[in-house]
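Just below is one structure, and these are the notes that go with it.
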Amino acid sequence: MLKDTDAWWFMFFYSVTFGGFVGLASSLTIYFNIQYGLDAKTAGFFTAACVFAGSLVRPIGGNVADRIGGIKSLSVMYVLAAAFLGIVSIGLPTAWMALLAFVGAMLALGMGNGAVFQLVPQRFRKEIGVMTGLVGMAGGIGGFYLASSLGYAKQITGSYQIGFLIFAALALLAFAGLSGVKNRWRTTWGAAHLTAAKI
Numbered sequence: 000m001l002k003d004t005d006a007w008w009f010m011f012f013y014s015v016t017f018g019g020f021v022g023l024a025s026s027l028t029i030y031f032n033i034q035y036g037l038d039a040k041t042a043g044f045f046t047a048a049c050v051f052a053g054s055l056v057r058p059i060g061g062n063v064a065d066r067i068g069g070i071k072s073l074s075v076m077y078v079l080a081a082a083f084l085g086i087v088s089i090g091l092p093t094a095w096m097a098l099l100a101f102v103g104a105m106l107a108l109g110m111g112n113g114a115v116f117q118l119v120p121q122r123f124r125k126e127i128g129v130m131t132g133l134v135g136m137a138g139g140i141g142g143f144y145l146a147s148s149l150g151y152a153k154q155i156t157g158s159y160q161i162g163f164l165i166f167a168a169l170a171l172l173a174f175a176g177l178s179g180v181k182n183r184w185r186t187t188w189g190a191a192h193l194t195a196a197k198i
């Protein structure tokens, strides 16, 4: 499986969507506490709102991908996630503004998670079990490294902002990668005569 470049693409795509989701979920309580001075309880509620929003829309993301195609859906989600994270990186003046931006980012990442898994079984019909495991593993690893990048950014620069810029840049890199493979995917395994699903 690891000799197949598409496997690596899917692992990368999910490391950004799910990894970004997990990375933010594990970091936001501390961020709200340090950046905006929220007490632990309030910071926890803010983080929970972000996580709940992103989790709730995952099946919606899959449904949207079924309707308009996984590639198109995932592309939009990467751009939206990058935009919201870019907004966060400028250092918003209030915690409520930051909350809205983070909810937007988590909604995009959550829907992106659903879109990735709309595509995976179309490409790897016979290897769906092992491929699901590999993609899920990549998401977990991505979450660890993305959360670490926020910590390192704070330690080195005294601010979390460069860490959010890294998040945004990775989302744009994933968008560029998806744009690079979409024509090949749509004319090979995603061709209309090979699958009834919208790719």
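At position 1 of the sequence shown the residue is numbered 0 (numbering that gives the first Met the number 0), and the sequence of numbers has no breaks. Ideal Cβ positions, reconstructed from N, Cα and C, are used throughout, including at glycine.
Asked                                                                                       : Found
Closest by C-alpha distance to residue 37, when choosing among 120, 12, 93                  : 93
With 16 other Cβ atoms within 10 Å as the buried cut-off, status of residue 10              : buried
From 107, 158, 77, 106, residue whose alpha carbon lies closest to that of residue 29       : 158
3 or more residues per run - each beta strand (DSSP E) lying fully within the region 89-137 : none
Three-way DSSP call (helix, strand, coil) for residue 56 in this model                      : coil
Candidates 154, 131, 190, 4: closest to residue 112 by CA position                          : 131
First and last residue of the uninterrupted alpha helix (DSSP H) at residue 181             : 160-186
C-beta contact flag for residue 53 and residue 108 at 8 angstroms                           : yes
Span separating the alpha-carbon of residue 99 from that of residue 175                     : 26 angstroms
Residue 145 to residue 65 span [Cα, whole Å]                                                : 29 angstroms
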